[in-house]
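Each remark here refers to the structure printed beneath this line.
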Amino acid sequence: MKTLHIYPTARAIRNRQQELRESNALLPTLMRIDEFERKAIVLPELTMVDSLQRVLLLQKGAKFDSFEGLKINRELVRFFTRSDSILKFFEELVYENVNFSDLVEGDAYVEFGEHIDILEELLENYRRLLTDRGLTDRVFIPQSYKLNLGFIDGFDSFELHLEGYMSHFELKIIEEIAQFKPFIIHMQISKFNKKIQERFLDLGVEKLEEDSFVSFELQSKKVISSKKNRLSINANIFSVEERLAQIPIVLESIQNMVDRGIPPEEIVLILPDESFKDTIKLYDRLNNFNFAMGFDYSKTKSYKQLDAIYQYWQSFSDESIVLLKKYEIDRAKLNEITPSQKSDVEQFFQIMAIFDLDLKRTVVEESWLHFKRVFKKEQMSLKNWLFLWLKQLNKLTLDDVRGGKVTVMGALETRGVSFQGVVVVDFNDGIVPAIPAKDNFLNSSIRKFANLPTKNDREALQKQLYKRILEEAKKATIIYSTSNNRSPASYLYELGLGLGEHIQPNLELLYAEPNQVIAEYDPVIENFDASATVWSPTRLKTFLSCKREYYYRYKERLKPKEDNEINEGQFLHKVLENLFKEQKFFTSVDDMKSKLNRLLDQLLETTSPKIAYSKLLWREKLTKFIENQIYHFKAGWRVVEREKQIVGEIGGLRFKGIVDRVDKSDKQTLILDYKSGSIKEANRTKNLEKLTDFQMSIYHELLKDNYQNIELAFIELFNSGGIVPITALSEKTELLYETISEIKGMNRVVCERCEEISRCQYCDFTLLCERGIYL
Numbered sequence: 001m002k003t004l005h006i007y008p009t010a011r012a013i014r015n016r017q018q019e020l021r022e023s024n025a026l027l028p029t030l031m032r033i034d035e036f037e038r039k040a041i042v043l044p045e046l047t048m049v050d051s052l053q054r055v056l057l058l059q060k061g062a063k064f065d066s067f068e069g070l071k072i073n074r075e076l077v078r079f080f081t082r083s084d085s086i087l088k089f090f091e092e093l094v095y096e097n098v099n100f101s102d103l104v105e106g107d108a109y110v111e112f113g114e115h116i117d118i119l120e121e122l123l124e125n126y127r128r129l130l131t132d133r134g135l136t137d138r139v140f141i142p143q144s145y146k147l148n149l150g151f152i153d154g155f156d157s158f159e160l161h162l163e164g165y166m167s168h169f170e171l172k173i174i175e176e177i178a179q180f181k182p183f184i185i186h187m188q189i190s191k192f193n194k195k196i197q198e199r200f201l202d203l204g205v206e207k208l209e210e211d212s213f214v215s216f217e218l219q220s221k222k223v224i225s226s227k228k229n230r231l232s233i234n235a236n237i238f239s240v241e242e243r244l245a246q247i248p249i250v251l252e253s254i255q256n257m258v259d260r261g262i263p264p265e266e267i268v269l270i271l272p273d274e275s276f277k278d279t280i281k282l283y284d285r286l287n288n289f290n291f292a293m294g295f296d297y298s299k300t301k302s303y304k305q306l307d308a309i310y311q312y313w314q315s316f317s318d319e320s321i322v323l324l325k326k327y328e329i330d331r332a333k334l335n336e337i338t339p340s341q342k343s344d345v346e347q348f349f350q351i352m353a354i355f356d357l358d359l360k361r362t363v364v365e366e367s368w369l370h371f372k373r374v375f376k377k378e379q380m381s382l383k384n385w386l387f388l389w390l391k392q393l394n395k396l397t398l399d400d401v402r403g404g405k406v407t408v409m410g411a412l413e414t415r416g417v418s419f420q421g422v423v424v425v426d427f428n429d430g431i432v433p434a435i436p437a438k439d440n441f442l443n444s445s446i447r448k449f450a451n452l453p454t455k456n457d458r459e460a461l462q463k464q465l466y467k468r469i470l471e472e473a474k475k476a477t478i479i480y481s482t483s484n485n486r487s488p489a490s491y492l493y494e495l496g497l498g499l500g501e502h503i504q505p506n507l508e509l510l511y512a513e514p515n516q517v518i519a520e521y522d523p524v525i526e527n528f529d530a531s532a533t534v535w536s537p538t539r540l541k542t543f544l545s546c547k548r549e550y551y552y553r554y555k556e557r558l559k560p561k562e563d564n565e566i567n568e569g570q571f572l573h574k575v576l577e578n579l580f581k582e583q584k585f586f587t588s589v590d591d592m593k594s595k596l597n598r599l600l601d602q603l604l605e606t607t608s609p610k611i612a613y614s615k616l617l618w619r620e621k622l623t624k625f626i627e628n629q630i631y632h633f634k635a636g637w638r639v640v641e642r643e644k645q646i647v648g649e650i651g652g653l654r655f656k657g658i659v660d661r662v663d664k665s666d667k668q669t670l671i672l673d674y675k676s677g678s679i680k681e682a683n684r685t686k687n688l689e690k691l692t693d694f695q696m697s698i699y700h701e702l703l704k705d706n707y708q709n710i711e712l713a714f715i716e717l718f719n720s721g722g723i724v725p726i727t728a729l730s731e732k733t734e735l736l737y738e739t740i741s742e743i744k745g746m747n748r749v750v751c752e753r754c755e756e757i758s759r760c761q762y763c764d765f766t767l768l769c770e771r772g773i774y775l
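Quick note on numbering: full-length UniProt numbering labels position 102 of the sequence shown as 102, and the sequence is numbered without any gaps.
What follows is the structure, given as structure tokens:
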């Protein structure tokens, strides 16, 4: 008798095959449930639409006037983010045999009915576009399929090892098959899979015993066997402060399991949040883990290079230029390409061939060939082609070929498999069970009315997965963190386990290797000659504040890592320089504000929401500055210099600087320095012996012979927005000369770290000094 055994995952099949080999039994035919569903039905002579192609066709189908009522942008990039939820919505309705009219009856709001009408029209347009191209979609399978009797006749019976949920359509298929051949279903019954139990009751199956392992035959609707579930969970529960601190507990738990005789191949680490795999891998120095889900291709350098190009084409911003440099992309070559140029898919790849497309990698080459075949008739801009190609690459995963023995899996991958040792991390509310993505169209009450799975139903199915794999394990460890006010999963109480023990992890397991940073004594600058250097206010301040930073920055000429973030101070200096480029003063607040706003947009063109917010914030925070400047100009002041470069000698040392602004009235000259931050340190009047910022004294000494009646002041761009005169200038200038005399007398400088550790927070060389957050 030839029986087809159907399992939820490929891993479950491999495990079953291994069991059968060890018992020297004949191998039956085994098949994954998704493959079974594909083979059990046949469709009209139509080709299944590609996952990216369906988005383009849905976008075309959305080109009707009333679609605007959904408030969904039809531009490709924005539409792409919403299309997935639209298509999932269509699929769910069709697979659960729910009509649009059923939904309208469940909601009293007029707008909801209008939205449903729009979606219904969109679905019909999409169907028509598919048919015109000889294509079909998963959405339309339930309305057009036929049973594949040739496939069904190839087996004498079917046995489904069910774990999870089945839609009305999937149940309909197996019920129809059961009319021809015996069809047995094996499953575990618990309070967490009530929904699927109700479905089987609706089909006429006998009531299934609670908390048991059951097998029933779908043709006769009779229970074949029922065995009470007497398994219990043997688990240690631990809580730690930080998420990262879970990893030492993971390593210790696995070692304890191995010491108790559990083979490493029989141990699984379950990641409810699969993104945590990248962190786990960082600390898997001995390659003990085998990541069953693979690694995201989007983390490779080749992908990030293409993504950097797309980001540059999106905004041409300073941040995107930094990314181009980071990923070694020739900007000159890139600028020869016009992103808006229309092309077909072959031309797109020919143009982009000057960059690394990574086609030597088999998985990328296969996607490339498929992509070209699917879109061979399409025409669009190079930027949109790149967007789609990145979406295609984003779906790829790279197999873990390092040979680790301990399996790492996501929760859904555990369906149908069991392990002797189980370790679960991130057992926190919101992660276990994972909260389903927010439904854009249906609330829970409508779902309940239409008999669609609710949020609670979906969460319960995930709970069943954890319950079953934990029960079947000989030993289990559950870990959660309390960082960021996270709470342990309330599901722990449903399992009867409690909160467990809060422990301090052995962090040496993470950092067991000796420190790779070579211990460095305070470096020394021998034969130091201050007169051989051209000093700036910043250089002098660094020398006085921290000799070690001075050594790294000016002696070793180490360059700090380029930052993608906009330097607020530098950018505002640039804006204000341009503000007074052609106009030396303003007479009205509105006129000055209008020009400043135009400059903000011209000098920082971007679609980034973050930068758009920053510009709104600057406009608001500069309001007082503008008002004070108008009073200043009405008093007769005029801007005569901007970003003025100055050089000269002070006390025998050469100095240079850049003055932000020089204003003049009939009788006076005002040297101004813009400050977006605090002026407290620069304008201090107490403890002058600790002063390190001599900027205004340097400016005074270099400019006093060029202008008469000099005054110096700061402009607070934010805060008061006013002009604040420098205090105690003569005392500070006298101290500057004393400081210069001391520096000139030095011929050997020991470059110690500064004593004021708070300064290290924003220093570029914190890591080299082993200061701040790296301690």
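Every residue, glycine too, gets a C-beta built ideally from N, C-alpha and C. Bear in mind that the values here come from a model prediction, so they are computed numbers and not experimental data.
Residue i in three-state terms, based on DSSP
i, result
"W535", "strand"
"T454", "coil"
"A473", "coil"
"Y165", "coil"
"V647", "strand"
"A235", "strand"
"Y493", "helix"
"Q570", "helix"
"F100", "helix"
"T407", "strand"
"P248", "helix"
For residue j and residue i, the rounded distance between their alpha carbons
i, j, result
"P182", "V205", "14 Å"
"F427", "Q464", "15 Å"
"T727", "Q311", "47 Å"
"G648", "Q695", "14 Å"
"L357", "S302", "7 Å"
"V407", "G500", "The question names Val, yet the displayed sequence has Thr at residue 407. Whole-angstrom Cα-Cα distance: 25 Å."
"T542", "F718", "25 Å"
"I116", "L130", "21 Å"
"M293", "N484", "27 Å"
"E19", "E508", "39 Å"
"L495", "R468", "11 Å"
"D202", "D34", "23 Å"
"R486", "D429", "7 Å"
"D156", "K60", "46 Å"
"G416", "K227", "18 Å"
"A532", "V749", "15 Å"
Buried/exposed call for residue i, threshold 16 Cβ in 10 Å
i, result
"residue 795", "This structure leaves residue 795 out entirely; the chain is present only between 1 and 775."
"H370", "exposed"
"S588", "exposed"
"R14", "exposed"
"T81", "exposed"
"G421", "buried"
"L622", "buried"
"R447", "buried"
"V662", "buried"
"A245", "buried"
"D522", "exposed"
"D211", "exposed"
"S253", "buried"
Sequence-distant residues of its chain with Cβ nearer than 8 Å to residue i (five each side left out)
i, result
"I249", "F238, V240, T477, I479, I503, P505"
"Q650", "As written in the sequence, residue 650 is Ile, which differs from the Gln given in the question. Here the set comprises I698, E701, L702, L736, Y737, I740."
Check whether residue i and residue j have beta carbons under 8 Å apart
i, j, result
"I224", "F216", "yes"
"F387", "V55", "no"
"K391", "L52", "yes"
Nonlocal neighbours in the same chain, by C-beta distance under 6 Å from residue i, ignoring five residues either side
i, result
"D457", "K195"
"V364", "D358"
"N394", "S298"
Sequence-distant residues of its chain with Cβ nearer than 7 Å to residue i (five each side left out)
i, result
"T733", "S697, H700, E701"
"R32", "Y7, T9, A10, I13"
"Y774", "Caution applies to Y774, whose pLDDT of 45 falls short of 50 and renders its modelled position unreliable; the model cannot decide the point."
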